[in-house]
Amino acid sequence: MNIFKSTLLSALMVSFFLLGCAGEKKEEEEKKTIKIEKKETPAKESSEDIANLVITGNDLMQYNKNELRAKAGQKVKLTLRHIGKLDVNVMGHNVVILNRGVNLEAFAARAATERDNNYIPPGTDEVLVNTEMIGGGQTTSVEFIAPSEPGEYEFLCSFPAHYAMMRGKFIVE
Numbered sequence: 006m007n008i009f010k011s012t013l014l015s016a017l018m019v020s021f022f023l024l025g026c027a028g029e030k031k032e033e034e035e036k037k038t039i040k041i042e043k044k045e046t047p048a049k050e051s052s053e054d055i056a057n058l059v060i061t062g063n064d065l066m067q068y069n070k071n072e073l074r075a076k077a078g079q080k081v082k083l084t085l086r087h088i089g090k091l092d093v094n095v096m097g098h099n100v101v102i103l104n105r106g107v108n109l110e111a112f113a114a115r116a117a118t119e120r121d122n123n124y125i126p127p128g129t130d131e132v133l134v135n136t137e138m139i140g141g142g143q144t145t146s147v148e149f150i151a152p153s154e155p156g157e158y159e160f161l162c163s164f165p166a167h168y169a170m171m172r173g174k175f176i177v178e
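Under the numbering used here, the first residue of the sequence shown carries the number 6, and numbering increases by one thereafter.
Written out as structure tokens, the structure is:
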């Protein structure tokens, strides 16, 4: 019986040893097959040439910023992230940058009636640029060229009544 136990014990030890070696060999093979690829992106524009502006909106009708900045004539990528959870029909957000001299409250009143047009009055010349209307968990971006004329341009969320809390200045330097 002792011979049986020692044989069984020896067999188990050999099995564990072989499995351990096989595992090490497999890890070594995996290490050898890992390739590091360096992706080079063509230098179209340096990051200094593009103003990457990111703003968030939430379920409490708030932007995280009330000021955005870019240089006159600079390419701008404006990204809106809705960090809330509510649907676009309940708590939709966008960013609408108005042209200089546009009355924000009057624009917002007109926009509030344009549900079928994402709360942007059709054919308006009052908007410099706007993002899409999005709901909780969504992100949208728009690219444009900042005006060549420095100054302050107002921005707002045009979802009905949101402009009261969701507004700010787009400053062109």
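Yeah, the Cβ is synthetic: ideal placement off N, Cα and C, and Gly gets one too. Values in this document were obtained by computation on a predicted structure and should not be read as measured data.
Pair within 8 Å by beta-carbon distance, residue i and residue j
i    : j    : result
Y158 : L103 : yes
I55  : K70  : no
Beta-bridge partners of residue i, as assigned by DSSP
i    : result
I139 : H98
H87  : G62
E72  : K174
N57  : K82
L161 : V101, R172
E148 : K82
G257 : Lying before the first or after the last residue shown, residue 257 is absent from the chain, which here runs from 6 to 178.
Integer Cβ distance of residue i from residue j, believed to fall under 8 Å
i    : j    : result
A117 : P165 : 4 Å
I125 : V101 : 7 Å
K76  : A151 : 7 Å
G62  : H98  : 4 Å
N123 : E137 : 7 Å
Own chain residues within Cβ distance below 8 Å of residue i, not counting five before or after
i    : result
M160 : It should be pointed out that residue 160 corresponds to Phe in this sequence rather than to Met. Here the set comprises L73, V100, V101, I102, L103, R172, G173, K174, F175.
K43  : Low confidence applies here, because K43 scores a pLDDT of 38, under 50, leaving its location unreliable and the question unanswered by this model.
E127 : It is worth fixing the name first, because residue 127 is Pro in this sequence and not Glu. These residues qualify, in order along the chain: E119.
Proximal residues to residue i (C-beta, below 6 Å), its chain only, five neighbours per side dropped
i    : result
D92  : G140
H167 : M66
F149 : V81, V134
Spatial distance of residue i from residue j (CA atoms)
i    : j    : result
E89  : A113 : Here the sequence assigns Gly to residue 89, which means Glu is not the residue at that position. So the two alpha carbons sit approximately 22 Å from each other.
T129 : V177 : 22 Å
P155 : R105 : 10 Å
V147 : M170 : 22 Å
N68  : S153 : In the sequence under discussion, the amino acid at residue 68 is Tyr, which differs from the Asn named in the question. Their Cα atoms are separated by approximately 26 Å.
V95  : L109 : 22 Å
T144 : H87  : 6 Å
R120 : G78  : 32 Å
E32  : N57  : At E32 the pLDDT is 46, less than 50, meaning the model places this residue with poor confidence and gives no usable figure here.
Sequence-distant residues of the same chain with beta carbon closer than 7 Å to residue i, five excluded per side
i    : result
S163 : N99, V101, A113, A116, Y124, I125
E131 : L103, N104, V107, F112
Closer than 7 Å: residue i CB and nearest the ligand GDP heavy atom
i    : result
E157 : With respect to small molecules bound, the structure shown includes none, and the ligand GDP cannot be examined in it.
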